[in-house]
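Encoded as structure tokens, the structure appears first; notes follow it.
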Amino acid sequence: MNKRLLLYPLIIGFFGCLIWFIIRQGNHLTIDPTSQTNKVVVAATPATAASAEGVWTSLVHNVQHPLALLLLQIILILLTARLFGWLANKIGQPSVVGEIVAGICLGPSLFGMIWPNGSAFIFPTEGFKNLQFLSQIGLAFFMFIVGMELDTHKMKNKAHDAVMISHASIVFPFFLGVLLAYHIYPQFSPVNVHFLSFALFMGIAMSVTAFPVLARIVQERKLSGTPLGLLAITCAAADDVTAWCILAVVIAIVKAASLWSAVLTMIMAVMFLGAMLYVLKPWLNKKILKLQAANKQKSVVAVAFMTLLFSAWAAEVIGIHALFGAFLAGVIMPAEVSVQKLLTDKLEDVSVMLLLPIFFVFTGLRTQIGLLGQGHLWAVFGLIMLAAVGGKLGGSMLTAKLMGQSWTDSLGIGALMNTRGLMELVVLNIGYDLGILSPEIFAMLVLMALATTFMTGPLLDIVKKVEESRLHASQIG
Numbered sequence: 001m002n003k004r005l006l007l008y009p010l011i012i013g014f015f016g017c018l019i020w021f022i023i024r025q026g027n028h029l030t031i032d033p034t035s036q037t038n039k040v041v042v043a044a045t046p047a048t049a050a051s052a053e054g055v056w057t058s059l060v061h062n063v064q065h066p067l068a069l070l071l072l073q074i075i076l077i078l079l080t081a082r083l084f085g086w087l088a089n090k091i092g093q094p095s096v097v098g099e100i101v102a103g104i105c106l107g108p109s110l111f112g113m114i115w116p117n118g119s120a121f122i123f124p125t126e127g128f129k130n131l132q133f134l135s136q137i138g139l140a141f142f143m144f145i146v147g148m149e150l151d152t153h154k155m156k157n158k159a160h161d162a163v164m165i166s167h168a169s170i171v172f173p174f175f176l177g178v179l180l181a182y183h184i185y186p187q188f189s190p191v192n193v194h195f196l197s198f199a200l201f202m203g204i205a206m207s208v209t210a211f212p213v214l215a216r217i218v219q220e221r222k223l224s225g226t227p228l229g230l231l232a233i234t235c236a237a238a239d240d241v242t243a244w245c246i247l248a249v250v251i252a253i254v255k256a257a258s259l260w261s262a263v264l265t266m267i268m269a270v271m272f273l274g275a276m277l278y279v280l281k282p283w284l285n286k287k288i289l290k291l292q293a294a295n296k297q298k299s300v301v302a303v304a305f306m307t308l309l310f311s312a313w314a315a316e317v318i319g320i321h322a323l324f325g326a327f328l329a330g331v332i333m334p335a336e337v338s339v340q341k342l343l344t345d346k347l348e349d350v351s352v353m354l355l356l357p358i359f360f361v362f363t364g365l366r367t368q369i370g371l372l373g374q375g376h377l378w379a380v381f382g383l384i385m386l387a388a389v390g391g392k393l394g395g396s397m398l399t400a401k402l403m404g405q406s407w408t409d410s411l412g413i414g415a416l417m418n419t420r421g422l423m424e425l426v427v428l429n430i431g432y433d434l435g436i437l438s439p440e441i442f443a444m445l446v447l448m449a450l451a452t453t454f455m456t457g458p459l460l461d462i463v464k465k466v467e468e469s470r471l472h473a474s475q476i477g
């Protein structure tokens, strides 16, 4: 045992001495100038430069390195998002509300106003691209999960009530959004944006329902097994698919240079949709289930990821946005619980805990509430809220009542369908990236998304209290 202990330092010492001897001899070597033709000459840096520069200056320089700055941004984003998400849960709101507020607070609306130099240092304009790319990757993963969570079998057999409520909750607010666009277009539309593009985006911004947020609210409030919860989930799923298809059409029209270009884009989109549903989906069912049966979990994940990336890439190339492709990739995944659980476990924590907060903060960095400093701008925001709530909540509630639901259940369905959350922010960022939404309208619509999501909890509390009072009165009577 002692010999083995002695052997280790001897080996290290022997080779250490050899390395030292070679380096010492190499310091006496000279370079032959005739052998340096066509070679790049690198100037030697004095060894004393680092010490002369100063430790503090060196640290500041290292912090400003793009990778170090990106890591600092992510750390700050995650800490702030977790804090505000926890605070939101404490007041009975979903964590997504707190994360949206966190994004706005880290942006120019609060952090940039309180400490402009610090905000400019941590979130420089030239660093936005890195955050944007990370947020887009996170959204692609998340939309893939949303697509998998859609129960297409139930949607095929959904009740007539759900179809009517879902479509009414899109048509009414879409109409109000287009009508609102007609009045605010001359003052708030960016230069060189056609009214058609502006109106279509205002319409779709009013029509979106945040299916994932709605599903989580239903689950947290233990409404999953109730008629209200089941109807709301079915309506929201149908609404989500319809709204994303409309959004794909709107993006194609906006990006197209001419009418024929828009028609060509839509033809390619329909062909892409058909290939995904009728060619790739059957193949995936056979391939993934075969790999699952052979217990090749890594191969299942690899095939799913490649499908996600290919679908997102194809959708982006066609001109209907990568997020639609990611969503569609999730829809065509096998419906087996084991497959979906495997893929969700691999993706959900990374996308929801790490990358989605980056998206919320990136949206907050773009949201400049300070632009709404004049009274008439808040009046326009009031009109946006009226159109959003009146169209979505009012349209869903009235249609549910016409379909035979009680007033309390109708109000509950309207409140849930009025939830916008993440999906609204996705639509708004697409519109902002395409140059359709001005910074003022973007800020108003972000506040609208936050307000409508915040309303859901209190409205459901009112529905619960009214229902309890009604049951109590019926028992007494």
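Per the UniProt record's numbering, the very first residue in the sequence shown carries number 1; after that it's consecutive. The C-beta atom is built at its ideal place from N, Cα and C for all residues, glycine as well. Note that the structure is predicted; figures quoted are calculated from it, not measured.
Residue i versus residue j: straight-line alpha-carbon distance, rounded
i      : j      : result
Ile12  : Ile19  : 11 Å
Leu383 : Gly412 : 23 Å
Thr456 : Gly203 : 21 Å
Lys281 : Gly274 : 10 Å
Met444 : Ile369 : 8 Å
Thr307 : Ala329 : 6 Å
Leu460 : Ile288 : 41 Å
Ala294 : Val300 : 10 Å
Met397 : Tyr182 : 26 Å
His167 : Ser406 : 19 Å
Asn27  : Ser58  : 28 Å
Leu214 : Gly404 : 22 Å
Val250 : Leu76  : 35 Å
Ser338 : Gln292 : 9 Å
Val446 : Gln340 : 32 Å
Ile476 : Lys464 : 18 Å
Phe133 : Arg470 : 51 Å
Val55  : Val352 : 38 Å
8 Å Cβ cutoff met for residue i and residue j
i           : j      : result
Leu422      : Ala210 : yes
Pro113      : Thr399 : Before going on, a small fix: residue 113 reads as Met here, not Pro. Cβ distance not < 8 Å, so Met113 and Thr399 don't count as in contact.
Phe381      : Ala81  : no
Ser119      : Phe128 : no
Ser169      : Asp240 : no
Phe172      : Gly395 : yes
Ala312      : Gly325 : yes
residue 554 : Ile217 : The first residue shown for the chain is 1 and the last is 477, placing residue 554 beyond what the model contains.
Ala252      : Gly319 : yes
Val208      : Val427 : yes
Leu347      : Phe15  : no
Met206      : Ala387 : yes
Leu372      : Trp378 : yes
Ile233      : Leu277 : no
Per-residue DSSP class, three states only, for residue i
i           : result
Glu336      : coil
His183      : helix
Ser209      : The displayed chain sequence assigns Thr, not Ser, to residue 209. In the structure shown, Thr209 sits in coil (DSSP, three-state: anything other than H, G, I, E or B).
Gly435      : coil
His61       : helix
Ser197      : helix
Gly107      : coil
Pro116      : helix
Gly16       : helix
His321      : coil
Asn27       : coil
Val191      : coil
Pro94       : coil
Lys341      : helix
Met403      : coil
Pro124      : coil
residue 514 : Nothing can be reported for residue 514: it is not among the residues displayed for the chain, which extend from 1 to 477.
6 Å CB neighbourhood of residue i in its chain, flanking five on each side removed
i      : result
Ala52  : The pLDDT assigned to Ala52 is 47, lower than 50, so where the model puts this residue is not dependable, and the model offers no usable value.
Val350 : none
Leu343 : Ala304
Cut-off 7 Å between Cβ atoms - residues of its own chain near residue i, not counting five sequence neighbours on either side
i      : result
Leu356 : Gly138 and Phe142
Ile441 : Phe188
Pro212 : Val146 and Leu422
Leu223 : Gly229
Pro458 : none
Close-in-space but distant-in-sequence residues of the same chain around residue i (CB under 8 Å, 5 per side omitted)
i     : result
Asn62 : Ala68
- Item | Whole alpha helix (DSSP H) elements within the region 345 to 399, 4-residue minimum | 356 to 366 and 375 to 389
- Item | Contiguous alpha helix (DSSP H) assignments of at least 4 residues, all confined to the region 415 to 470 | 421 to 433
- Residue ranges of each alpha helix (DSSP H) within the region 247 to 313, 4 or longer: 259 to 275 and 281 to 293
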